[in-house]
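S.K.: Note that the working numbering has the sequence shown beginning at 14, numbered continuously upward.
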Amino acid sequence: MPAAPRSSADLNFPVNVQLHSSPPDWRDQFIYFLLVDRFDNNDPTVPAFTPADAGQGRDITQRNRFQGGNIKGITRRLDYLQGLGCSAVWLSPILKNRQDSRDSYHGYGIQDFLQVDPRFGTLADLRELTTQAHARGMYVILDVVINHSGDVWGYPGDFPYYYAQGEAFPFGFWRQPGSTPPFGQDDAIWPIELQTPAAFKRRGQIRDWYDEIEARDGDFLSLKELSITHPAVLDTLIKVHKYWIASADLDGFRIDTVKHLENSATAIFCNAIREYARRIGKHNFFLFGEIVADDATIQKYLGRNSRIEGTNERFPALDAALDFPLYFSLEEVIKGLTNPAALRQRYESFRTHYADHGAAGSQFVSFVDNHDQMARPYRRFMHGNPFPQQAVLAIGYLLTSSGVPCIYYGTEQGFDGGGPDDAYVRECLFGGTWGGHDSGGRHCFNPAHEIYQGISAIAQIRSRSPALRYGRQYFREISGDGIHFGHPLDGRCTLAYSRILDTDEMLIALNLDSAPRHDFITVDRSLNPPGTLMRDLLQPTRTFTVEERAGRSVVRVDLARHGMAILQAA
Numbered sequence: 014m015p016a017a018p019r020s021s022a023d024l025n026f027p028v029n030v031q032l033h034s035s036p037p038d039w040r041d042q043f044i045y046f047l048l049v050d051r052f053d054n055n056d057p058t059v060p061a062f063t064p065a066d067a068g069q070g071r072d073i074t075q076r077n078r079f080q081g082g083n084i085k086g087i088t089r090r091l092d093y094l095q096g097l098g099c100s101a102v103w104l105s106p107i108l109k110n111r112q113d114s115r116d117s118y119h120g121y122g123i124q125d126f127l128q129v130d131p132r133f134g135t136l137a138d139l140r141e142l143t144t145q146a147h148a149r150g151m152y153v154i155l156d157v158v159i160n161h162s163g164d165v166w167g168y169p170g171d172f173p174y175y176y177a178q179g180e181a182f183p184f185g186f187w188r189q190p191g192s193t194p195p196f197g198q199d200d201a202i203w204p205i206e207l208q209t210p211a212a213f214k215r216r217g218q219i220r221d222w223y224d225e226i227e228a229r230d231g232d233f234l235s236l237k238e239l240s241i242t243h244p245a246v247l248d249t250l251i252k253v254h255k256y257w258i259a260s261a262d263l264d265g266f267r268i269d270t271v272k273h274l275e276n277s278a279t280a281i282f283c284n285a286i287r288e289y290a291r292r293i294g295k296h297n298f299f300l301f302g303e304i305v306a307d308d309a310t311i312q313k314y315l316g317r318n319s320r321i322e323g324t325n326e327r328f329p330a331l332d333a334a335l336d337f338p339l340y341f342s343l344e345e346v347i348k349g350l351t352n353p354a355a356l357r358q359r360y361e362s363f364r365t366h367y368a369d370h371g372a373a374g375s376q377f378v379s380f381v382d383n384h385d386q387m388a389r390p391y392r393r394f395m396h397g398n399p400f401p402q403q404a405v406l407a408i409g410y411l412l413t414s415s416g417v418p419c420i421y422y423g424t425e426q427g428f429d430g431g432g433p434d435d436a437y438v439r440e441c442l443f444g445g446t447w448g449g450h451d452s453g454g455r456h457c458f459n460p461a462h463e464i465y466q467g468i469s470a471i472a473q474i475r476s477r478s479p480a481l482r483y484g485r486q487y488f489r490e491i492s493g494d495g496i497h498f499g500h501p502l503d504g505r506c507t508l509a510y511s512r513i514l515d516t517d518e519m520l521i522a523l524n525l526d527s528a529p530r531h532d533f534i535t536v537d538r539s540l541n542p543p544g545t546l547m548r549d550l551l552q553p554t555r556t557f558t559v560e561e562r563a564g565r566s567v568v569r570v571d572l573a574r575h576g577m578a579i580l581q582a583a
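(1) Round the Cβ separation of R267 and W166 to the nearest angstrom and send it over; I've been treating them as touching at under 8 Å.
(2) State the DSSP-derived secondary structure class of F43, mapped to helix, strand or coil.
(3) Check this for me: beta carbons of I584 and P27, under 9 Å apart or not?
(4) For Q486 and S162, I'd like the C-alpha separation in whole angstroms.
(5) Return helix, strand or coil for H456, following the three-state DSSP convention.
(6) Output the boundary residues of the alpha helix (DSSP H) element that contains H147.
(7) Check whether the Cβ atoms of Y174 and D221 lie closer than 9 Å to each other.
(8) Determine the extent of the beta strand (DSSP E) in which H531 is found, giving its start and end residues.
(9) Around the C-beta of H254, are 16 or more other C-beta atoms found within 10 angstroms, so that it is buried, or is it exposed?
(10) With a cut-off of 8 Å, do at least 3 Cβ pairs link the region 478-495 to the region 418-425?
(11) Whole angstroms are fine: how far does the CA of N83 sit from the CA of G454?
(12) Pick helix, strand or coil for D308, following the three-state DSSP scheme.
(13) Using only alpha-carbon positions, find the residue among S114, A278 and D56 that is nearest to G444.
(14) To which residues does DSSP link I513 through a beta bridge?
(15) Just to confirm the assignment, what range does the alpha helix (DSSP H) spanning S478 have?
(16) Do the CB positions of I44 and A101 come within less than 9 Å of each other?
(17) Can you check the region 146-231 for any alpha helix (DSSP H) of at least 4 residues that lies completely inside it and give the ranges in chain order?
(18) For P18, which residues from the same chain have a beta carbon less than 8 Å from its beta carbon, with the 5 sequence-adjacent residues on both sides left out?
(19) Return the bridge partner residues of S492 from the DSSP annotation.
(20) Between which two residues does the beta strand (DSSP E) holding F126 run?
(21) Check whether the region 543-556 touches the region 361-376, taking contact to mean three or more Cβ pairs, one atom from each stretch, closer than 8 Å.
(22) Measure the CB-CB distance between A334 and V405 and report whether it falls below 9 Å.
(23) Which residues bound the alpha helix (DSSP H) around A407?
(24) One question on the structure: do L47 and L442 come within less than 9 Å of each other, judged by their Cβ atoms?
(25) Would S235 be called buried (16 or more neighbouring beta carbons within 10 Å of its own) or exposed?
(26) Thinking C-beta only, is A578 closer than 9 Å to V570?
(27) Under 8 Å Cβ to Cβ from G68, same chain only, skipping five residues before and after it: list those, please.
(28) In the DSSP assignment, find the unbroken beta strand (DSSP E) run with T558 in it and report its ends.
(29) Which stretch, first to last residue, makes up the alpha helix (DSSP H) that contains W257?
(30) Are there three or more Cβ pairs, one per stretch, closer than 8 Å when the region 279-292 is compared with the region 178-186?
(31) What whole-angstrom Cβ distance do D12 and P106 have, given they're in contact under 8 Å?
(32) Mind checking whether Q189 and D200 have CB atoms under 9 Å apart?
(33) Look at the Cβ atom of A211, then the Cβ atom of S240, and state whether they are nearer than 9 Å.
(34) I think V59 touches H456, with their Cβ atoms under 8 Å apart; what is that distance to the nearest whole Å?
(35) Pull up the CB-CB distance for G493 and D532, whole angstroms please, since I reckon it's below 8 Å.
(36) Can you give me the C-alpha to C-alpha distance between F184 and S114, rounded to a whole angstrom?
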């Protein structure tokens, strides 16, 4: 095996390589987000979880330790993901973290930007994963971190330093499990271009996360903030990530902690990556970011909204952002705890923000669970929830509404973690010592699970329905008596919306009530006039006839509690 590169100057950026092409439109994809350490350990001897295993207990001392998940485990589970309906896999960071750190299983504290962490596997393993995924028509997205490194150096005295009005503190020392320079591969940071105090801002840890400047310049806890506005640092990070695209045939990057980055540097990075990807045939390499903010803030990072400082030039930045505005409200809506008006108003605002509000979905990756759980600290959607069908409704909403849908690993198996820290929403799907449902040593890869089955059925419909992927979205008025129509007044309701593309209208109805509902739902009169027969694609034997009520075209849809229907003209 050739030695790993030590300098960005050693990297090769081939342009005449045969790489897998990008999808024409990322809205055609259904993304599965997983933490590599917690997904699968490639051990065929692990027995399957049964309901009797729930609540048997697990080792709480191991929750923040490496569990043994690896890249080979992901490769062997591609059929499981494809059966769920997923067509793209988003991996948590796999680059090498400090080898003496037992709690950086998440991968976000990088020590060597040029190597795969040996606890996850090798570059060859990563190449095999992308090769196998591409053979199935699937894509691989890598989570990347350009905002900070791991805790690769310390302040003087190894004391914690905290942000103080932007003061730059002295550099202390490089952390090195070895002895003295020259540094070994586990010492300091690599590539060598980053082995200088000038590569870091050195402002101390963030204390006020709501102060924009402090959040941008301060250290993210013990992780060390990189000075990406320094030309040499930015150039190094660009070269490193071009290397990974060419070396592993990756299809996209999810960029971590974008809100903590300077807009212009982010745009330069994204533009450089995008141009290189196009040069080697990946014309739609996907760049989406984590921006925990409202729509107005997110818009600063999308499209051509980032002006390069000192110039009048604007570079295109991110292609899309994680849809945190949706995440902040969707759970309460799906569970019937709040009026869906805020959800409706947010989508209606797209009509004024975008010339083509049907295309607005291409700029958002929608989700309901993730590894941080900012809105509901450290609990999954299913935590304390006795209704598994609500998880199907939540992912069903993502699959039938505007956006690029994304599911967090374990949601399809009803994972219900919750507790005092983020490890409680990062259970092991393969069991380990920190398994799902308060168990250990039992894998939960069960394609027969009712949530898995429900999601799979909806995903199949989405994959063959252009209107569900590209269509404009309109929330529909409903009526219990067929006379008085309006949008729902409380949370326990039928949430109905149409996706319209050309002359095709698809009507989606979700029962957010724990009792059956039988509401009349408005449809587009010009596309579905009275007398039109509509079929429920989830239950094809069920048909409904469009009627005229109160001067409008309506269809009366019967829904079981927490039921869902997807109607289209027969």
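Backbone N, C-alpha and C define an ideal beta-carbon position, used for all residues, glycine too. All values derive from a computational prediction rather than experimental measurement.
M.R.: In terms of the structure at hand:
(1) Working through the sequence shown from its first residue, we reach residue 267 at position 254. Working through the sequence shown from its first residue, we reach residue 166 at position 153. At roughly 26 Å, the Cβ-Cβ gap does not stay under 8 Å, so R267 and W166 are not in contact.
(2) Counted from its first residue, the sequence shown places residue 43 at position 30. Of the three classes helix, strand and coil, the one that applies to F43 here is coil, per DSSP.
(3) Missing from the structure shown is residue 584; the chain here goes from 14 to 583 and no further.
(4) Stepping through the sequence shown from its first residue, residue 486 is reached at position 473. Stepping through the sequence shown from its first residue, residue 162 is reached at position 149. The straight-line gap from Cα to Cα measures roughly 41 Å.
(5) As a working mapping, residue 456 is identified with position 443 in the sequence shown. The answer is strand: DSSP assigns H456 an E or B state.
(6) The sequence position of residue 147 within the sequence shown is 134, counting from 1. Element bounds for H147: L136 to A148.
(7) The residue given as residue 174 occupies position 161 in the sequence shown. The residue given as residue 221 occupies position 208 in the sequence shown. Their beta carbons are not under 9 Å apart, which means Y174 does not touch D221 by this criterion.
(8) On the sequence shown, residue 531 is found 518 positions in, with the first residue counted as 1. Its beta strand (DSSP E) spans residues R530 to T535.
(9) Here residue 254 refers to the residue found at position 241 when the sequence shown is read from its first residue. Per the 10 Å Cβ criterion, buried.
(10) no
(11) Translated into positions along the sequence shown, residue 454 becomes position 441. Translated into positions along the sequence shown, residue 83 becomes position 70. Cα-Cα distance, rounded: 16 Å.
(12) What you label residue 308 is simply residue 295 of the sequence shown in a count that begins at 1. In the structure shown, D308 sits in a helix (DSSP, three-state: H, G or I).
(13) Taking the first residue of the sequence shown as position 1, residue 444 is located at position 431. Comparing Cα-Cα distances from G444 to each of S114, A278 and D56, the minimum goes to D56.
(14) Residue numbering aside, residue 513 sits at position 500 when the sequence shown is read from its first letter. Answer is R485 and E518, bridged to I513.
(15) Numbered from 1 along the sequence shown, position 465 holds the residue referred to as residue 478. Counting along the chain, S478 falls outside any alpha helix (DSSP H), and DSSP gives it neither H nor E.
(16) Here residue 44 refers to the residue found at position 31 when the sequence shown is read from its first residue. Here residue 101 refers to the residue found at position 88 when the sequence shown is read from its first residue. Yes, these two residues count as a Cβ contact at 9 Å.
(17) 225-230
(18) Start at 1 with the first residue of the sequence shown, and residue 18 comes out as number 5. Hits under 8 Å: L24, L127, P204 and Y256.
(19) As a position in the sequence shown, residue 492 is number 479, starting the count at 1. BP columns for S492 point to F533.
(20) As a first step, residue 126 is located in the sequence shown; it is residue number 113 there, counting from the start. Start and end: I123 to V129.
(21) no
(22) The count along the sequence shown starts at 1 and reaches residue 334 at position 321. The count along the sequence shown starts at 1 and reaches residue 405 at position 392. No, the Cβ-Cβ distance between A334 and V405 is not below 9 Å.
(23) In the sequence shown, the residue the question calls residue 407 occupies position 394. From DSSP, the alpha helix (DSSP H) with A407 extends over P401 to T413.
(24) Counting from 1 along the sequence shown, the entry for residue 47 is found at position 34. Counting from 1 along the sequence shown, the entry for residue 442 is found at position 429. Yes.
(25) Start at 1 with the first residue of the sequence shown, and residue 235 comes out as number 222. Per the 10 Å Cβ criterion, exposed.
(26) In the sequence shown, the residue the question calls residue 570 occupies position 557. In the sequence shown, the residue the question calls residue 578 occupies position 565. Yes, Cβ-Cβ distance for V570 and A578 is below 9 Å.
(27) As a first step, residue 68 must be located in the sequence shown, where it is residue number 55. So the list reads H450, D451 and S452, once near-sequence residues are dropped.
(28) Position 545 of the sequence shown, counted from the start, is the residue given in the question as residue 558. Start and end: T556 to T558.
(29) Working through the sequence shown from its first residue, we reach residue 257 at position 244. P244 to A261 is the extent of the alpha helix (DSSP H) around W257.
(30) no
(31) As shown, the chain starts at 14 and ends at 583. That puts residue 12 outside it, with no answer to give.
(32) To locate residue 189, count along the sequence shown from 1; it is residue 176. To locate residue 200, count along the sequence shown from 1; it is residue 187. Yes, they are a contact pair.
(33) The residue you call residue 211 lines up with position 198 of the sequence shown. The residue you call residue 240 lines up with position 227 of the sequence shown. Cβ distance < 9 Å, so A211 and S240 count as in contact.
(34) On the sequence shown, position 46 is the one that residue 59 refers to. On the sequence shown, position 443 is the one that residue 456 refers to. About 5 Å; that satisfies the 8 Å criterion.
(35) As a working note, residue 493 is residue 480 in the sequence shown. As a working note, residue 532 is residue 519 in the sequence shown. Yes, they are in contact, since the Cβ atoms of G493 and D532 sit about 6 Å apart, within 8 Å.
(36) The residue you call residue 184 lines up with position 171 of the sequence shown. The residue you call residue 114 lines up with position 101 of the sequence shown. In a straight line, the C-alpha of F184 is about 21 Å away from that of S114.
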